[in-house]
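Data first, discussion second: the structure below is written as structure tokens.
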Amino acid sequence: MPLALPGKSLALLTYLALETRPTHREVLADLLWEGPSALGNLRTELSKLRGLNIWLGPPRAPLLQLEADTDLMHWQSRLVGAKDWVLDDWLSILRGIPLSGLEDLGTPQYAEWLEGQRQRLDDIVERGLREAWDYESQLRQGGLVRIKQKAEQLGLSWPDLPDLGSAEARRAAPLHPALHQTWPSGLKWEPDPELVGAIGDIALEAANAPQAVLLGGRESSGRRMAVAAATQHRPWLRVELAATRDLTQFLSAFIMQLIPQLPEERRPDFRGLLADPLPEDRVGKLGLLLMELGQPVLLLVKNVEDLSTNLLVSLGFSLDWPIEMLFVLLSHPLSLPRLSMKLGQYLPQDRLHVLEMPPLTKERVVVESPQANVLQALCRGEGWLLATREQLPQPTPALPAKVKRALLLEVEQEVPEHRENLIKLARLPMPFTQAEAQTALVFDRLGTVRQALALNLLELVPEVVEVRMPERRALVAPPLKQMAFFSELMRQALAENGSSLDDGLSLAVPTFPLPSLNPLYELMVSAADVLGAGLPPLGQRGTARFAGGYFMHLEESVVRFYRCGSGKSPTLRLSWLNVPAGEVEVVGRLDHFEAADSRDFPLAVCDEHGDWSTDAAQLSGFGWFKLRGPACQGPLHLSLRAKEVVLTIRSLTVGGQPVAF
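At position 635 of the sequence shown (counting the first as 1) the number is 679 in the working numbering, and the numbers step up by one without a gap.
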């Protein structure tokens, strides 16, 4: 029977239910009340709750915690497509906008926390609805109608209903949702084939002994779909769980998701495990039942930053079972180094594999937007799927709310004690020196800087980023005296945090034309001339990131350079040590260029005797260009320097011979 709870009690229980971890009384009091009587008000609410037989801890205990099932847990435990899954029952659990009516029940800090939680829940619900949408799209139109109605009731953007009866639609339908994901922005994408292959190889090894994969990547970066694509050819029992510090809760959730996938005659054995009071006994009995079952098991665990020691010990124990089993543990990038070391203490080294999501590239996306918009979205999104799709169909300098929340959550999970100092650093002009950081942080003595450098939140940035080609090896010339944020998206999220300005600190800087020095002869050419020219491959496909935020993606037939930064721009210089004398020819395309000051330029070519620079005005036709000029035998350098740039190179030749990237 539902309880009628006072507003403050409801706000308190909501916080504890969603945070799941013990929280100090003073923290809760300050979140819900302002003023000196906050702790007294909290004690009053706790007394009211005890009168309703709701105990959040022993009397006078400093830490309070709530262990309770939620509608969200019930909704997530209903596996899409399972035998006992009924779409309408599943949709009926979603009764409205998450956490409605709690906005005015606490302090502004509580309201900010509430908004972050609401966005997190929206994302969870949206992912679940998308999974149901993909499942129903292969069955019937009626289910799609009901999913679309529910999504729109919840304020989610949703695609139009497909014509499932057409032969064209059936041909375009994926074998598995992971292989062809479509967002409301129209963005279609496929997981990186090398990552899919790597996970697939590990999955094959699991046939001989259980394996664990620690997969780093930001929220909504496509990790789940990469795993699904890599494992689609085996009849895995698939379970996806959020990490918890409570082993009993984790095992119960695992078993509850497993049961609907089992044959009817085996379900009672697994249900019996739920009645076992000792979680350690459950682990051993679960292993025996899975051995008897003889089916491969895939367990995907998100939020692994919250894994408890007991759970890690149990995972390590289960890796010794004679069962075909694959654990995939999802981590955000900031936690990846720490977690790889921590997991190495509990899991066998030869069974633990650490992988990271590569940046999204143009060749893996399809979207009905102009190519320049797609490339600019990839640039400003730093190859992150969520940030890229939020930039389409029309890229904007503003940081999307979903992107900002996901980034700030990474900071809160990994370095909450440094959050305020990181905000101060993010508001400095980029790059900054150690002395400037010390002035901004005053009493910190650079502890935040050291921690941020260790986590790749910050990086040391030279004025010129030297890269030896074709090895793509960055050369470091110490001492490096300046630093900047590794991710411009992260810098912008931190700088805007707490600011009421709509445009945050993302300053639109006009383009400054740079007078060219001995300009190369240029000839604008058509796309047909370039793409049909039969030019040789540029080199081995791959992605490289260099200091200063420069990305180089070598795709099937082009190399693309991206940078999205702020403040003073470093120069990226690629150097080939010994090329023959002859005419240099560069065929390329400039899709986006924004300068920080008059020294920035989109492209320059030089040998040891001279420098031929171009400016944005020369290349700003947003079409293909061909540049020519002489070079002597010896080193050849290709450089660019920009606050933001999207530059594509189709070919680089000297004397008619290709120069490999």
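Cβ coordinates follow ideal geometry from the N, Cα and C atoms, glycine included.
These numbers come from a predicted model, not from an experiment.
Which residue comes first and which comes last in the beta strand (DSSP E) that contains residue i?
i	result
L285	281 to 286
F361	That residue, F361, is in no beta strand (DSSP E); its alpha helix (DSSP H) goes 353 to 362.
R408	Neither: R408 is in no beta strand (DSSP E) and is coded neither H nor E.
E400	396 to 400
P646	645 to 651
L598	594 to 598
Roughly how many angstroms separate the alpha carbons of residue i and residue j, rounded to a whole number?
i	j	result
T353	W99	26 Å
G209	E175	Low local confidence applies: a pLDDT of 42 at G209 is under 50, so the model's placement there is unreliable, with the coordinate-based value given in what follows. One C-alpha to the other measures close to 20 Å.
R164	G150	19 Å
S642	L138	54 Å
D313	P460	44 Å
G673	E629	7 Å
L436	Q701	39 Å
V689	L259	30 Å
F530	Q495	13 Å
L291	P340	22 Å
T432	L422	5 Å
R310	L322	22 Å
L56	L466	29 Å
E540	V509	28 Å
Q457	E464	14 Å
N347	A287	5 Å
L472	Q536	11 Å
E638	L200	33 Å
G84	L76	12 Å
E112	R65	The amino acid occupying residue 112 in the given sequence is Ala; Glu does not appear at that position. The alpha-carbon atoms of A112 and R65 are separated by roughly 12 Å.
E212	A640	Low per-residue confidence applies at E212: pLDDT is 41, beneath 50, and the placement is therefore not dependable, though the value from the model is reported in the following sentence. Cα to Cα, E212 sits roughly 47 Å from A640.
A416	H68	51 Å
C608	E308	55 Å
M401	L469	27 Å
P514	V703	9 Å
M534	F476	16 Å
I367	M269	24 Å
R685	D644	5 Å
L91	A73	Note on identity: in this sequence residue 91 is Ser, with Leu being the wrong assignment. Near 14 Å, if we compare the C-alpha coordinates of A73 and S91.
P444	V189	28 Å
Please list the terminal residues of the continuous alpha helix (DSSP H) segment that includes residue i.
i	result
P478	According to the sequence displayed, residue 478 carries Gln and not Pro. Element bounds for Q478: 478 to 485.
L93	82 to 95
E70	69 to 76
R617	Note, R617: premise wrong, no alpha helix (DSSP H); beta strand (DSSP E) at 615 to 623.
V455	445 to 458
L419	415 to 424
M534	532 to 540
A588	Counting along the chain, A588 falls outside any alpha helix (DSSP H), though it belongs to the beta strand (DSSP E) covering 586 to 590.
M35	Residue 35 is absent from the model: the chain starts at 45 and stops at 705.
T432	429 to 434
Q495	491 to 498
A61	51 to 63
E464	463 to 470
Going by DSSP, which residues form a beta bridge with residue i?
i	result
C608	E688
V630	L671, L696
M527	F476, L504
L143	According to DSSP, L143 bridges with nothing at all.
K192	Partner(s): none; K192 has no beta bridge.
F371	A256, L343
R162	Looking at the DSSP assignment, R162 forms no beta bridge with any residue, so it has no partner.
R517	R512
Q701	V698
E638	E688
V603	L598, I693
G678	V623
Taking CB distances under 7 Å as the criterion, tell me whether residue i reaches chain B.
i	result
Q339	Looking at the structure shown, chain B is missing, and only one protein chain is on hand.
Is the closest heavy atom of the ligand FAD to the C-beta of residue i under 6 Å?
i	result
A242	Absence of the ligand FAD from the depicted structure is noted, as is the absence of any ligand whatsoever, leaving it without description.
The stretch 480 to 492 touching the stretch 614 to 625, judged by at least three CB pairs closer than 8 Å: no
Residue ranges of each beta strand (DSSP E) within the stretch 241 to 297, 3 or longer: 255 to 260, 281 to 286
Every unbroken beta strand (DSSP E) within the stretch 303 to 360, with a cutoff of 3 residues, ordered by chain: 341 to 346
Sufficient close CB pairs (3 or more, under 8 Å) joining the stretch 314 to 324 to the stretch 374 to 390: no
Validate contact between the stretch 383 to 391 and the stretch 354 to 373 using beta carbons, cut 8 Å, 3 pairs: yes
Meets three-Cβ-pair contact criterion under 8 Å: the stretch 275 to 284 and the stretch 408 to 422: no
Cβ contact (3+ pairs, closer than 8 Å) linking the stretch 94 to 113 and the stretch 52 to 62: Touching, yes.
At least 3 beta-carbon pairs within less than 8 Å: the stretch 296 to 310 vs the stretch 230 to 247: Fewer than three beta-carbon pairs drawn from the stretch 296 to 310 and the stretch 230 to 247 are found closer than 8 Å, and the two stretches are therefore not classed as touching.
Three CB pairs or more closer than 8 Å across the stretch 610 to 624 and the stretch 669 to 687: With three or more CB-CB distances shorter than 8 Å, the stretch 610 to 624 counts as touching the stretch 669 to 687.
The stretch 500 to 520 / the stretch 394 to 405 touching (three or more Cβ pairs under 8 Å): No, because fewer than three Cβ pairs between the stretch 500 to 520 and the stretch 394 to 405 fall closer than 8 Å, the two stretches do not touch.
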